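K.L.:
Residue numbers (the working numbering), protein chains in the order written: chain V, 1 to 297; chain D, 1 to 293.
For every residue, glycine included, the Cβ atom is placed at its ideal position computed from N, Cα and C.
What you are looking at is a predicted structure, and each value in this text was computed from that prediction instead of being measured.
Sharing a structure, written as structure tokens. Questions coming.
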Amino acid sequence: MPAHIIDGKAFAANVRAKITKKVADLKTSHGITPGLAVVLVGADPASQVYVRSKGKQTVEVGMNSYEHKLDADTPEDVLLALIDTLNADTSVHGILVQLPLPAHLDETLVINRIAPEKDVDGFHIANVGLLGTGQKSMVPCTPLGCLLMLRDYHGSLSGKNAVVVGRSNIVGKPMAQLLLNDSCTVTIAHSRTKDLAEVVGRADIVVAAVGRPEMVPGDWIKPGATVIDVGINRIETEDGKTKLVGDVHYDSCAAVAGAITPVPGGVGPMTIACLLANTVTACCRINNLAEAEDFLS
Amino acid sequence: MTANAPDHRHLLGGPVKQRILDEVRAYVKTATRMGRLVSIAIDGTTEVGVYIRNQARVAADIGIDFDQQFWDSGITQDTCKARIQEMNDDPDVLGVIIQRPLPPHINIRSLQSAIHPLKDVEGMNPASIGNIVYSDIALVPCTAAASIELIKATGLNLKGLEVVMIGHSEIVGRPAAMMLMAEGATVTVCHHMTRSVAMHSRRADVVLVAVGSPHLVGPDMIKPGAAVIDIGINQIKNADGTAKIVGDVDTDAVTEVAGWVTPVPGGVGPVTVAILMRNAVVAHQRQRQSGWL
């Protein structure tokens, strides 16, 4: 039986519909409109595309979008002062500083300047620690998107063997924490892992986030396992064109897996949807409103 | 072998503790403006008393001032936080220790968050844990770090090693897992919802257990030659009604299979207090780097 294809695009549209409804609720019941501030330093073309796309979707779900575009040579104290202003601004509930920053700026310093409760990327060191100890925190968007899709497909994740391949701060580590919080038995595999094929072969759930095109072949996958592919890699095809592929070899994995996310159209569309969801969550927490966490389920 | 000779398969905490304390002592001798450690106990029980006295004795031995404070059980959360805030601002306070357990009306997480990260010698502030997740190993939770010191004492190279952590508590299991990963191990975290712990642990080069269940780990769960780190502390009754302290490992039986086993007592426990003192040194260094001292 061919694998069930987890349609991230449709799932993300569904999540955005729920967010739209929640945002409307917040307006009518409390007179609050969630607001997301995005800070872009410099003119990196890819970053510009992301920021535009984030702003557009923010407005589409009924939230306020505030874009702050700074010159590439903006001094650090100017950027920090802007973050202080946004931290104090009650109409702003989420603050996102688009990464990477130009080399003269200290990313860690800048991210940790954001008020943790407005850190909708979940990269502030306090949020990392709260998530790492299973406490309430802001959760990084990409792993949150993976978790929501896994919960939707499986129902309960409790007791499943999950293997996360890759230990990046942005995806691998928070993904492992989220799966632990949902009571999976979690293994984090990485470039030092001795027998990766064997480790991956134990998993009921495989999350691949290593940034190496088609690294995980189908014969590593346990039949029936769920495969979540976080990778987005552009490779050249035989005819000289390029195409996007993930970190797993899709065709061979889809032949054995029980379910799989495609690239593109799997994890990708969920990331911005989760950013919007985090902004709503932050807005509810800041205003001491009934926890809105379950508005997605 | 005589009855009293130490079993070479037992991985003892004592020598590791002494080595760390020697390093700390050498640092303290030359350090300037090293403030005091403040231990906060609220509504202290006898058990906590023993624990605090042990910390105080070790601190005195290496030359760090140790201030034992016992706060009244009627104290409010806000007063606790205000007092901790004063300690944050006091350059003579090197670090703050919050002794568990606390009365039910006090939220420990909120107090841990109130301690300035550079004075968090127990490594329990979310920022301290966040740094560990990001592989910046500075102020570390003491028990987790003690367990890793013991693994290193075997001479095993953690890079690429298969490690199984049984137990996912926020104090021990989870930080230990992140630290082991930072050392390059392939880490699997098992817990009460894991379908078959043995299936995982039998593959492991190193098994750590911290669940609080006497004799949970038997010889059938251990790969021959593996290192077994027993973090559990449980009080059980002997057949004659007397009490004794055991870990989470069936030590006698597992010793026949494993390459190393930490005994309880005498394994992880003694190293834990040494890590606390080493954290005091790290706190002093970081406070100096930040221009506080």
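#1: Give me the Cβ distance between His168 (chain D) and Leu180 (chain V), rounded to the nearest whole Å; I'm assuming they're in contact under 8 Å.
#2: Counting only Cβ-Cβ distances shorter than 8 Å, please list the residues of the region 120-152 of chain D near chain V, keeping chain order.
#3: Can you look up Asn279 (chain D) in the DSSP assignment and give me helix, strand or coil?
#4: Using a Cβ-Cβ cut-off of 6 Å (strictly less than) and excluding sequence neighbours within five positions of Gln177 (chain V), which residues of its own chain qualify?
#5: Got a sec? Which residues, its chain only, sit under 6 Å from Val210 (chain V) by beta carbon, not counting five neighbours each side?
#6: Helix, strand or coil: how does DSSP classify Ser191 (chain V) here?
#7: Can you give the Cα-Cα distance for Val189 (chain D) and Glu149 (chain D), rounded to whole angstroms?
#8: Quick check on the DSSP output: the beta strand (DSSP E) that includes Asp84 (chain V) runs from which residue to which?
#9: Can you find at least 3 beta carbon pairs, one from the region 140-157 of chain D and one from the region 214-225 of chain D, that sit closer than 8 Å?
#10: Please determine, among V:Ser91, V:Val92, V:Ala17 and V:Leu109, the residue with the shortest C-alpha to C-alpha distance to Leu99 (chain V).
#11: With 8 Å as the threshold, decide whether the Cβ of Ser183 (chain V) is near any Cβ in chain D.
#12: Skipping 5 residues on each side, what residues in its chain have a beta carbon closer than 8 Å to that of Met277 (chain D)?
#13: Take the Cβ of Gly155 (chain V) as the centre, count every other Cβ of all protein chains shown within 10 Å, and call the residue buried at 16 or more, exposed below.
#14: I want to see whether chain V comes within less than 8 Å of Met1 (chain D), judged by CB atoms only; does it?
#15: For Ser158 (chain V), decide whether its Cβ has a neighbour in chain D, counting only Cβ atoms nearer than 8 Å.
#16: With a threshold of 7 Å on Cβ separation, who are the neighbours of His284 (chain D) within its own chain once the five nearest residues in sequence on each side are excluded?
#17: Against Arg195 (chain D), what residues of chain V qualify as contacts under a CB-to-CB distance less than 9 Å, listed in chain order?
#18: My understanding is that Val59 (chain V) touches Ser53 (chain V), with C-beta atoms under 8 Å, so please give their C-beta distance in whole angstroms.
#19: Check whether the region 146-163 of chain V touches the region 117-127 of chain V, taking contact to mean three or more Cβ pairs, one atom from each stretch, closer than 8 Å.
#20: Which residue spans inside the region 3-72 of chain V form an unbroken alpha helix (DSSP H) run of at least 4?
#21: Going by DSSP in three states, Phe295 (chain V) sits in which element: helix, strand or coil?
#22: According to DSSP, is Arg234 (chain V) helix, strand or coil?
#23: To the nearest angstrom, how far is the alpha carbon of Met175 (chain V) from that of Pro143 (chain V)?
#24: One question on the structure: do Thr262 (chain D) and Val254 (chain D) come within less than 8 Å of each other, judged by their Cβ atoms?
#25: May I ask which residues mark the beginning and end of the alpha helix (DSSP H) holding Ala17 (chain D)?
#26: So for Cys304 (chain V), helix, strand or coil by DSSP?
#27: Whole angstroms is fine: what's the gap from Val281 (chain D)'s alpha carbon to Leu12 (chain D)'s?
#28: Please go through the same chain and pick out, in chain order, the residues whose beta-carbon is closer than 8 Å to the beta-carbon of Asp251 (chain V), but skip the five residues on each side of it.
#29: With burial defined as no fewer than 16 other Cβ atoms inside 10 Å of the residue's Cβ, what is the status of Gly224 (chain V): buried or exposed?
#30: Could you tell me whether the region 82-102 of chain V touches the region 28-41 of chain V, using the rule of 3 or more Cβ pairs below 8 Å?
#31: Starting from Cys294 (chain D), follow its DSSP beta bridges and name the residues at the other end.
#32: Please find out if some non-hydrogen atom of the ligand NAP comes closer than 7 Å to the beta-carbon of Ser290 (chain D).
#33: Near Trp71 (chain D), which residues of its chain fall below 6 Å by C-beta distance, leaving aside the five closest residues on each side in sequence?
P.N.:
Checking against the coordinates, here is how it stands:
#1: 6 Å
#2: Asn125, Pro126, Ala127, Ser128, Ile129, Gly130, Asn131, Ile132, Val133 and Tyr134
#3: helix
#4: Leu131 and Gly132
#5: Val165, Gly166 and Asp247
#6: coil
#7: 19 Å
#8: Run containing Asp84 (chain V): none in the beta strand (DSSP E); it sits in the alpha helix (DSSP H), Glu76 to Ala88.
#9: no
#10: V:Leu109
#11: yes
#12: Ile20, Leu21, Val24, Val58, Ala59, Ile62 and Ile64
#13: exposed
#14: Here Met1 (chain D) scores only 43 on pLDDT, less than 50, and its place in the model is too uncertain to base an answer on.
#15: yes
#16: Ala31, Met34 and Leu94
#17: Gly159, Lys160, Asn161 and Thr185
#18: No, Val59 (chain V) and Ser53 (chain V) are not in contact; Cβ-Cβ is about 11 Å, not under 8 Å.
#19: no
#20: 8-30 and 45-60
#21: helix
#22: strand
#23: 5 Å
#24: no
#25: The displayed chain sequence assigns Lys, not Ala, to residue 17 (chain D). First-last of the alpha helix (DSSP H) with Lys17 (chain D): Gly13 to Thr30.
#26: Summary: the structure shown does not reach residue 304 (chain V), with chain V confined to residues 1 through 297, and so no result is reported for it.
#27: 24 Å
#28: Gly218
#29: exposed
#30: yes
#31: Chain D is shown from 1 up to 293; residue 294 (chain D) falls before or after that span and cannot be answered.
#32: Looking for the ligand NAP in the displayed structure turns up nothing, as the structure carries no ligands at all.
#33: Ile42
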